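Just below is one structure, and these are the notes that go with it.
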Amino acid sequence: MPLQARLEHALGDGYALERELTPGGMSRLFLATERALERPVVVKLLPPELANDVSAERFRREMLVTARLQHPHILPVLHAGAQDGLHFYVMPFVRGESLRARLERERPVPIADAVRILGEVADALACAHEAGVVHRDVKPENVLLQHGHAVLADFGVARALEPSSGGDRLTSTGLGIGTLGYMAPEQVAGEREVDARADLYALGVMGYEMLAGTQPFAGSTPMRVLAAQLTEIPRPLDELRPEVPAALATLVARLLQREPSARPASAREVLRALEESAAATARPGPAAPDAKRPAQRDPYEFLLATLAPSDRVPPETAARMRTLFVPRSFRKGQAYQRAGEVTTHGAFVVRGLFRWYSVDANGNESILRFSEEGAWVGDLQSFSTGNPTPYYIVAIEPSEVLMIDGHSFERMLEASPDQGRGFRMGLQRSRDATERRMALYLHASAEERYADYAERYPWMVDRVPQHMLASYLGMTPETLSRIRRKLKER
Numbered sequence: 000m001p002l003q004a005r006l007e008h009a010l011g012d013g014y015a016l017e018r019e020l021t022p023g024g025m026s027r028l029f030l031a032t033e034r035a036l037e038r039p040v041v042v043k044l045l046p047p048e049l050a051n052d053v054s055a056e057r058f059r060r061e062m063l064v065t066a067r068l069q070h071p072h073i074l075p076v077l078h079a080g081a082q083d084g085l086h087f088y089v090m091p092f093v094r095g096e097s098l099r100a101r102l103e104r105e106r107p108v109p110i111a112d113a114v115r116i117l118g119e120v121a122d123a124l125a126c127a128h129e130a131g132v133v134h135r136d137v138k139p140e141n142v143l144l145q146h147g148h149a150v151l152a153d154f155g156v157a158r159a160l161e162p163s164s165g166g167d168r169l170t171s172t173g174l175g176i177g178t179l180g181y182m183a184p185e186q187v188a189g190e191r192e193v194d195a196r197a198d199l200y201a202l203g204v205m206g207y208e209m210l211a212g213t214q215p216f217a218g219s220t221p222m223r224v225l226a227a228q229l230t231e232i233p234r235p236l237d238e239l240r241p242e243v244p245a246a247l248a249t250l251v252a253r254l255l256q257r258e259p260s261a262r263p264a265s266a267r268e269v270l271r272a273l274e275e276s277a278a279a280t281a282r283p284g285p286a287a288p289d290a291k292r293p294a295q296r297d298p299y300e301f302l303l304a305t306l307a308p309s310d311r312v313p314p315e316t317a318a319r320m321r322t323l324f325v326p327r328s329f330r331k332g333q334a335y336q337r338a339g340e341v342t343t344h345g346a347f348v349v350r351g352l353f354r355w356y357s358v359d360a361n362g363n364e365s366i367l368r369f370s371e372e373g374a375w376v377g378d379l380q381s382f383s384t385g386n387p388t389p390y391y392i393v394a395i396e397p398s399e400v401l402m403i404d405g406h407s408f409e410r411m412l413e414a415s416p417d418q419g420r421g422f423r424m425g426l427q428r429s430r431d432a433t434e435r436r437m438a439l440y441l442h443a444s445a446e447e448r449y450a451d452y453a454e455r456y457p458w459m460v461d462r463v464p465q466h467m468l469a470s471y472l473g474m475t476p477e478t479l480s481r482i483r484r485k486l487k488e489r
């Protein structure tokens, strides 16, 4: 029986195979449709020469662990199976490109983009490592870029392919499971207990490649690449590209250390360093004149004042709020939520700015709203119904929020009518703004729409990037520029 027919039989009635995609390394990829939800998915079939010795139970166990990872920058596993010698898993179809494809058309990558991609991958690795999952095959081919943001794929695959006992499992290159050039020295040496720091090494290789335009260790044959890894020190990034900040170059150099103990201790530490680098290199935005932006205000006091603006909050309530709401920071461009996820948390914006948008079948974005200080982010309807949200929520600038899980938030509002009233007032203001915007879309000219927005939100006009503001107001960036020039000349 042909391979595709065997795979269709193994998948059963839940999926309809359409065609084979470009092969992914030694694996084979197929575009399919999930019949129940009528959505496109990708079925990845592991190479038979590697999968033959893997039991169905071991594969299922590793995929089960991976499927429990829930994070905006981790590509989820929707289904997995092992039947008739075929080991496969199903993942969402990502409309975009891999980091490898971007590197093939653009080397080096702009520094701000490289820092953002590294940060998003580090965030994904931090989530996985804290759950006890090591990727073992971090590389540009496994980093997918969806609407400009990084999503890390293929968690658990390398672990599933490792032998549970007996001799060493080798790839066709004669190396341990992984990819030449991105494997840490301890992986190359075949050490059995490879930990999270091997992923950090691969992250450093990717960072070097994005920033320098070339891999840190070169060679015309696999053995020469290995020899370079074990004997050479990569040329410093800030020598190859002087505009790379010294702190960023130092971080990448630490990630590439041969000894695991010399690398950063965790992906979370790497993420913090990248956030500091992003903040140091980001172009400062214009200061908003609105007095309600809490530059130095205690975030919990700001939250309490918003929920109960006219009442003094009892000390015991304030103390409970500090335990329920957890502070979290978001880098510029980092996703709070992605379309297709079920909302589990809500967040109060303490500092910063987020945009809400949806993407149609043709990949066109439609910006729905902006959430600044004092606003809430998270799809309440998705949480209430358990249905996936249709919205992306992404930080426009470095932002800080106080996050709370949905069930705790519901209980808090039920226990405190005053705070529930403050929250509902905020939602009503958001609904009113949306209704007014829709009415203006139908009955007002582009100039009238801009004038209304500038009058109501003068502090946002220069704060929101102009192409986003134009999308929100339903006009082209050129039209917005023309209107602004015209109004300034009056």
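Here the sequence shown is numbered in numbering that gives the first Met the number 0, starting from 0 and rising by one per residue. Cβ coordinates follow ideal geometry from the N, Cα and C atoms, glycine included. In this text, all values refer to a predicted model and were calculated from it rather than measured experimentally.
- Note on M474: 16 or more other CB atoms within 10 angstroms of its CB, so buried under the neighbour-count rule.
- Looking at the DSSP output, T213 shares a beta bridge with no other residue.
- DSSP assignment within the stretch 296-346 yields the following whole beta strand (DSSP E) runs of 3 residues or more, N-terminal first: 325-329, 334-336.
- Measuring C-alpha to C-alpha distances from G80 to each of L45, R104, G95, L352 identifies L45 as the nearest.
- It is roughly 33 angstroms from the alpha-carbon of P298 to the alpha-carbon of T249.
- No Cβ-Cβ contact shorter than 8 angstroms links L479 with L486.
- Residue environment for Q69: exposed (fewer than 16 other C-beta atoms within 10 angstroms of its C-beta).
- Scanning P215, P241, E238 for the CA closest to the CA of I232 turns up P215.
- Around R257, the same chain offers P184, Q228, L229 as residues with beta carbons nearer than 8 angstroms, after the five sequence neighbours per side are excluded.
- Annotation for Y390: no beta strand (DSSP E) segment contains it, and DSSP assigns it neither H nor E.
- Of the candidates G13, I403, S365, I403 places its Cα closest to the Cα of V376.
- Within a 10 Å sphere around the beta-carbon of V325 sit fewer than 16 other beta-carbons, which makes this residue exposed.
- Inter-residue distance for L472 and A445 is about 8 angstroms (C-alpha atoms, whole angstroms).
- The alpha-carbon of A66 is positioned some 19 angstroms away from that of A31.
- When rounded, the separation of the alpha-carbon atoms in Q465 and I395 is 12 angstroms.
- The residue from E242, R99, L6 with its alpha-carbon nearest to that of A111 is E242.
- L77 and Y88 have their C-alpha atoms some 8 angstroms from each other.
- Looking at the DSSP output, M402 shares a beta bridge with V325, A346.
- By the Cβ criterion, the stretch 364-379 is not in contact with the stretch 314-322, since fewer than three pairs of Cβ atoms, one from each stretch, lie closer than 8 angstroms.
- Secondary structure at Y456: coil, using DSSP grouped into helix, strand and coil.
- The beta carbon of R104 is closer than 6 angstroms to none in its chain, skipping five residues each way along the sequence.
- The DSSP assignment places complete beta strand (DSSP E) segments of no fewer than 3 residues inside the stretch 30-99 at 38-44, 78-82, 85-91, in order along the chain.
- Contact check for H134 and A127: beta-carbon distance about 6 angstroms, within the 8 angstroms limit, so the pair qualifies.
- Taken through DSSP and simplified to helix, strand or coil, V133 comes out as coil.
- L98 sits close to V142, with the two beta carbons spaced by under 8 angstroms.
- Assignment of A245 by DSSP, reduced to helix, strand and coil, places it in the helix class.
- Nearest C-alpha to A266 among W458, P221, A195: A195.
- The C-beta of P109 has fewer than 16 other C-beta atoms within 10 Å across all chains shown, which makes the residue exposed.
- In this structure, L254 keeps its C-beta atom at 8 angstroms or more from the C-beta atom of P244.
- Inclusion of F369 and M222 in the CB contact set at 8 angstroms is not warranted, their separation being larger than that value.
- With a 10 Å radius around the Cβ and a threshold of 16 neighbouring Cβ atoms, R34 comes out exposed.
- Rounded to the nearest whole angstrom, the CA to CA distance from P71 to V349 is 21 angstroms.
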